[in-house]
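Each residue of the sequence shown is one higher than the one before, starting from 1 at the first, in the working numbering.
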Amino acid sequence: MSTASKYKSIEKSILHDIHTSQYTDKIPSERALAKIYHASPLTIRRALENLTKKNILRRVMGSGTYLNADYKSEISIFLSNTGEICSALRTALKIKFPYIAFNISSQPGIRDENFYHSYDILSDLSYCPFAYENLFLPIKPQTIQKYLDESRYYTGAFNIHRENGNCYGFPLLFSPRVLVYNRELLRTLTGESTLRNFENSDLVSLQKKITAKKNIFLFDAFSSPKVIILSYVYANLAAAPANRENLDYIPPDAFEKGLENFWLFYKKTLAGQADFSKGNVLFSFAYRQTMQLLQRKLSFPWDIAPVPVKNTFKIITPASESLFITKKCRNPEICTEICEYFLSADMQNIFSRFKYGIPVLKSSALSGIGDSPYRDDIFFSEIKHFIYHYSFFSKDLMNTFIAKCHELFKQKIGFPDFCNAIRELYKSQDNSIRDRMQVARQAYFQGMDAGLPYTGE
Numbered sequence: 001m002s003t004a005s006k007y008k009s010i011e012k013s014i015l016h017d018i019h020t021s022q023y024t025d026k027i028p029s030e031r032a033l034a035k036i037y038h039a040s041p042l043t044i045r046r047a048l049e050n051l052t053k054k055n056i057l058r059r060v061m062g063s064g065t066y067l068n069a070d071y072k073s074e075i076s077i078f079l080s081n082t083g084e085i086c087s088a089l090r091t092a093l094k095i096k097f098p099y100i101a102f103n104i105s106s107q108p109g110i111r112d113e114n115f116y117h118s119y120d121i122l123s124d125l126s127y128c129p130f131a132y133e134n135l136f137l138p139i140k141p142q143t144i145q146k147y148l149d150e151s152r153y154y155t156g157a158f159n160i161h162r163e164n165g166n167c168y169g170f171p172l173l174f175s176p177r178v179l180v181y182n183r184e185l186l187r188t189l190t191g192e193s194t195l196r197n198f199e200n201s202d203l204v205s206l207q208k209k210i211t212a213k214k215n216i217f218l219f220d221a222f223s224s225p226k227v228i229i230l231s232y233v234y235a236n237l238a239a240a241p242a243n244r245e246n247l248d249y250i251p252p253d254a255f256e257k258g259l260e261n262f263w264l265f266y267k268k269t270l271a272g273q274a275d276f277s278k279g280n281v282l283f284s285f286a287y288r289q290t291m292q293l294l295q296r297k298l299s300f301p302w303d304i305a306p307v308p309v310k311n312t313f314k315i316i317t318p319a320s321e322s323l324f325i326t327k328k329c330r331n332p333e334i335c336t337e338i339c340e341y342f343l344s345a346d347m348q349n350i351f352s353r354f355k356y357g358i359p360v361l362k363s364s365a366l367s368g369i370g371d372s373p374y375r376d377d378i379f380f381s382e383i384k385h386f387i388y389h390y391s392f393f394s395k396d397l398m399n400t401f402i403a404k405c406h407e408l409f410k411q412k413i414g415f416p417d418f419c420n421a422i423r424e425l426y427k428s429q430d431n432s433i434r435d436r437m438q439v440a441r442q443a444y445f446q447g448m449d450a451g452l453p454y455t456g457e
């Protein structure tokens, strides 16, 4: 057995003895443990030091090694997954970490601050409405770097939950948004039951046909309002962002044109509260995470297609799921180890097996269609269009933007009032950006006055 395997085996054995109450306070000396495990004192020391880093043990100079009074073997985890996949994840965790008592919950609740303070580790979706630094522990840069240096992972996904230079989320899976269409209704409107080479001009033509038809709708009213509205804004950008990892500025004309285009396609939809499952709506949107639900819910023939391109480029923001270590956690080293295990092939293959999103480990993200009744490969071909991080609106303004989008979709406010509210948000963000640029410019010139060396730049 190699030295690395030996010390890890000893570490697990000591943990087992702790959890079975053989050690309740003081741990045997390094010399005594070396005799028990037939190992060198150096190997024993390495195992004890690793357990100390995990806050399980504490070492007292001249006295020995003791069980940390703050250590608890129970780790509470919230998983947003349900059904068979959640059961498979639970089983894998118990096999990998037999010395930890996992308290795993998947019961949905209100995502308020109390929720985020109720677990050691929790999975959350693409957007967190609160400041990360108030709720979560940042991931150590050296931990993140391990994955950024490897081509085995979709490394851009590590940018999804980034704030003030820190990364907070271990990405588990993601999915692009795709178009779901009713094949029967498409045949009625066009004579074709399959979308081929579908472009934005085709969407406009279908909109004109449907406008004159009673109780037939182009889109449904039950997709994510924020994502829908922003997608029209992105579609009106004149050029692709220079940084495909982050979208931090949107010109005012693109914003205005995006709102105008959105209303063109959704005015009738919102007035009729169109529901795709009723069979009288041509299009909806879906993610790979929701496909099994769609298969059970829909009673008519359907398929999926890429969202059409308006300009020469496309921007898609992923629907994702990530793990976070909360500030409630008292064993951050162990929680980090658990989160990293979710990035291993064992756990990523579970996501792949259930076709629940696209795993961030590329080798687990099999692209075969298999027995899917829909074009599963489309989810994978759309990955190249991702913008992983959106930072134009600050968190507080984004929360207001989301609230206004929901009010519009529920018809609590009219479109003119919605537009006025969004324009005010845009002005606030634009002014904030200008203020930051002014501060940075002043700091630069103050530095020049202070005699900073000339670099030739």
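Every residue gets a Cβ at the ideal spot worked out from N, C-alpha and C, and that includes glycine. Because the structure is a prediction, the values reported are computed rather than measured.
When the Cα atoms are used, asparagine 431 and serine 394 turn out to be separated by approximately 12 Å. In terms of Cβ geometry, serine 123 and leucine 323 form a close pair [threshold 8 Å]. Per DSSP, the beta-bridge partners of proline 359 are Leu173. Rounded to whole angstroms, the separation of the alpha carbons of alanine 39 and proline 108 is 48 Å. The beta carbon of serine 29 is closer than 7 Å to those of Gly64 in its chain, skipping five residues each way along the sequence. When Ala403, Asp346, Leu57 are compared, the shortest CA-CA separation from isoleucine 27 is found for Leu57. Bounds of any alpha helix (DSSP H) do not take in tyrosine 249, whose DSSP letter is neither H nor E. Under the DSSP assignment, tyrosine 119 falls outside any alpha helix (DSSP H); it carries neither an H nor an E label. By the CB criterion at 8 Å, leucine 294 and alanine 286 fall inside the cutoff. DSSP lists Phe217 as the bridge partner or partners of valine 281. Comparing alpha-carbon positions, the option among Phe158, His389, Phe276 lying closest to leucine 343 turns out to be Phe158. Residues of the same chain with a CB within less than 8 Å of the CB of alanine 131, apart from the 5 flanking positions on each side, are Glu163, Lys395 in chain order. Counting the other CB atoms within 10 Å of its CB gives leucine 51 a total of 16 or more, which places it among the buried residues.
Cysteine 86 carries a helical assignment under DSSP once its states are collapsed to helix, strand and coil. Runs of the beta strand (DSSP E) lying entirely within the region 35-117, each at least 3 residues long, are 57-60, 64-67, 74-78, 101-105 in chain order. Ranked by Cα distance from glutamine 207, the first of Tyr374, Pro359, Trp263 is Trp263. Separation of the CB atoms of aspartate 253 and phenylalanine 392 is rounded to 15 Å, and the pair is thereby denied contact status at 8 Å. Under the DSSP definition of a beta bridge, valine 180 partners with Ser284, Ile304. Take the alpha-carbon of aspartate 376 and the one of lysine 355: they are about 9 Å apart. Exposure of arginine 196 is indicated by the presence of fewer than 16 other C-beta atoms within 10 angstroms of its C-beta. Isoleucine 422 sits in a helix when the DSSP states are folded into three classes. In the DSSP assignment, alanine 319 falls outside any alpha helix (DSSP H) and lies within the beta strand (DSSP E) extending over 319-325.
Per DSSP, the beta-bridge partners of aspartate 124 are Ser322. Remark: fewer than three beta-carbon pairs, one from each stretch, lie closer than 8 Å, so the region 395-411 and the region 234-243 are not flagged as touching. With fewer than 16 neighbouring CB atoms inside 10 Å of its own CB, histidine 16 falls in the exposed class. Each residue's CA atom was taken as its position, placing phenylalanine 219 and glycine 272 some 11 Å apart. Around the beta carbon of leucine 79, 16 or more other beta carbons lie within 10 angstroms, which makes this residue buried. By the Cβ criterion, the region 164-172 is not in contact with the region 187-195, since fewer than three pairs of Cβ atoms, one from each stretch, lie closer than 8 Å. Per the C-alpha coordinates, the member of Glu199, Arg177, Pro251 positioned closest to isoleucine 228 is Arg177.
Phenylalanine 342 sits in coil when the DSSP states are folded into three classes, being neither helix nor strand.
Its Cα nearest to that of asparagine 261, the residue Lys310 stands out among Lys310, Thr20, Leu148.
Burial of valine 281 is indicated by the presence of at least 16 other C-beta atoms within 10 angstroms of its C-beta. Boundaries of the alpha helix (DSSP H) harbouring histidine 406: 395-409, taken from the DSSP string.
For isoleucine 75, the closest alpha carbon among the candidates Asn246, Tyr99, Cys86, Ser151 is that of Tyr99.
Here threonine 326 really is in contact with tyrosine 116; their C-beta atoms are around 6 Å apart, less than 8 Å. Judged by DSSP in its simplified three-state form, cysteine 329 adopts coil rather than helix or strand.
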